[in-house]
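As structure tokens, the structure follows; a few thoughts come after it.
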Amino acid sequence: MRHLANCFMFFCFVLSAPGLAASERSEQVKAFVAAFNAHNAELMSQYVTDDIQWLSVNGDRIAVETSGKTELIEAMDGYFKSCASCQSEVTDLTVLGNRVSTVEEASWRQNGELRLQKSLAIYEFNNSLIRRVYYFPAE
């Protein structure tokens, strides 16, 4: 009987592990977006692999926007300088295996007027770090 109880506890632990991983991935994406909102490219880079790829998906085309942590930092620093009011809010988030899909609402000010747009993003993980980010056109 004791052996069965130990087996049951082991299987409960094994079955709960993916939930922990899913929760961790969800929190990583939220932290990455929070670093974006703080306009802190260095902080963003702490959540990604050294070979991170930032990809734009448009129809049947996928463009590599940045490849590698250094390019990501440079691109984000340039972006933040060009759009001081840019922010993003995760309005929906789903974790499936090593991918997290989000609906993100971007906001910024243009000529004093608040602008909003939503788009889909998929964050692909390698262990505990973001390996690829796929961004789809705004809707």
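First residue of the sequence shown? That's 260 in the working numbering, and the numbers climb one at a time after it.
Note that CB positions come from ideal geometry on N, CA and C, so glycine has one too.
Item	Value
Beta-carbon gap between Y393 and V316 smaller than 7 Å	yes
Reduced DSSP secondary structure (H/G/I, E/B, other) of F291	helix
Residues bridged to T325 [DSSP beta-bridge criterion]	W313
Sub-7 Å separation of K289 and I311 beta-carbons	no
For S347, the residue or residues it bridges with in DSSP	A365
For A280 and F339, the rounded distance between their alpha carbons	31 Å
The stretch 354-363 touching the stretch 376-390, judged by at least three CB pairs closer than 8 Å	yes
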